[in-house]
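Enquirer:
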Amino acid sequence: MTKKHFLSKALMLLLLAVFSSSLYSCKDSDEDIITYYDTYIEGYIKDFHTGEPVEGVVFDADYISGSGGFFSSSPYSAKNIAVSNSEGFYKIKIPKTRNSADFTEIQIHPRKIENYNFEVGIYDYQEYNFSVKSKTIDISPITYGYLKVILPKTSSDNCGINGYMYSTFEVPYYQHELISSGEYSETLKYFFFKVSASKGWVRCGNHSGTPRFFTIDNPRDTVILNVEQ
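The sequence shown begins at 171 in our numbering and counts up by one.
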């Protein structure tokens with residue numbers, strides 16, 4: 171290898187290193203230039219039925235800038251911006267700008283944990299005047315109870331549970347899940363669900379257009395619905 175070739179190769183490596191370093195520096199810079207208001211969204215997370223604090227709920231968020239139209243920038247996704255403490259208290263600082271673009275909306279995403287699900291909270295800066303005002307939002311998640319649906323073996327297996335249109339950021343419902351199903355007797359079968367400990371209805375069997383209403387008053391209670399063919 172000639173000295174001239176060696177120097178050219180070394181120069182190329184040096185330029186590549188400088189370019190790579192500048193990319194990382196820009197990335198770090200972009201992440202560091204978010205500014206914040208001296209305002210917050212804060213509150214307590216406590217079980218809807220018992221009032222016990224819910225600890226360990228992690229919050230993520232999307233920060234939205236622009237009017238939401240074609241020329242709006244992509245949302246900035248922030249992870250682990252808050253976590254509820256042993257008293258159920260959480261506190262989220264309101265972001266102001268990124269890269270000189272003003273944020274206009276914050277979308278808050280609490281992560282689900284054992285026994286609880288959560289809903290997204292969407293808050294417009296102008297509506298809530300976040301530039302000068304904080305907002306208190308308490309969250310009362312509803313945990314689960316049990317629902318057993320018994321119906322004839324000859325009926326359809328279609329079974330849908332409804333009522334979650336009432337689930338909100340402030341009062342999120344537990345999202346139902348099928349635990350088991352099988353033979354109940356020689357002529358009957360069953361479906362066993364975890365469902366929100368609240369009011370709801372089931373559409374199942376050969377008359378799925380007819381809602382079958384249920385109410386679970388307390389967490390871990392079991393309600394049995396007998397559905398005739």
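Heads up, the beta-carbon is just placed ideally off N, CA and C, and yes, glycines get one too.
Could you give the distance in angstroms between the alpha-carbon of K305 and the alpha-carbon of S254?
Expert: Their backbone Cα atoms lie some 16 Å apart in a straight line.
Enquirer: Helix, strand or coil, according to DSSP, for E297 in the structure here?
Expert: helix
Enquirer: Roughly how many whole angstroms lie between the Cα atoms of N250 and D230?
Expert: 5 Å
Enquirer: Measuring only the C-alpha atoms, how far is I278 from S325?
Expert: 42 Å
Enquirer: By Cβ distance below 8 Å, which residues in the same chain neighbour L358 in space, the five residues on each side in sequence not counted?
Expert: I320, L321, P322 and K323
Enquirer: For E257, which option in I264, A271, I215 and K266 has the closest C-alpha, if you only look at C-alpha atoms?
Expert: For E257, the nearest C-alpha among the options comes from I215.
Enquirer: In three-state DSSP terms, what is Y334?
Expert: helix
Enquirer: CA-CA distance, F218 and Y343?
Expert: 10 Å
Enquirer: Can you have a look at A271 and say buried or exposed, based on whether 16 or more other CB atoms are within 10 angstroms of its CB?
Expert: Exposed, since its Cβ has fewer than 16 Cβ neighbours within 10 Å.
Enquirer: I want to know whether the region 358-367 touches the region 299-316 - three or more CB-CB distances under 8 Å.
Expert: yes
Enquirer: For D308, which option in F288, T274, F300 and S350 has the closest C-alpha, if you only look at C-alpha atoms?
Expert: F288
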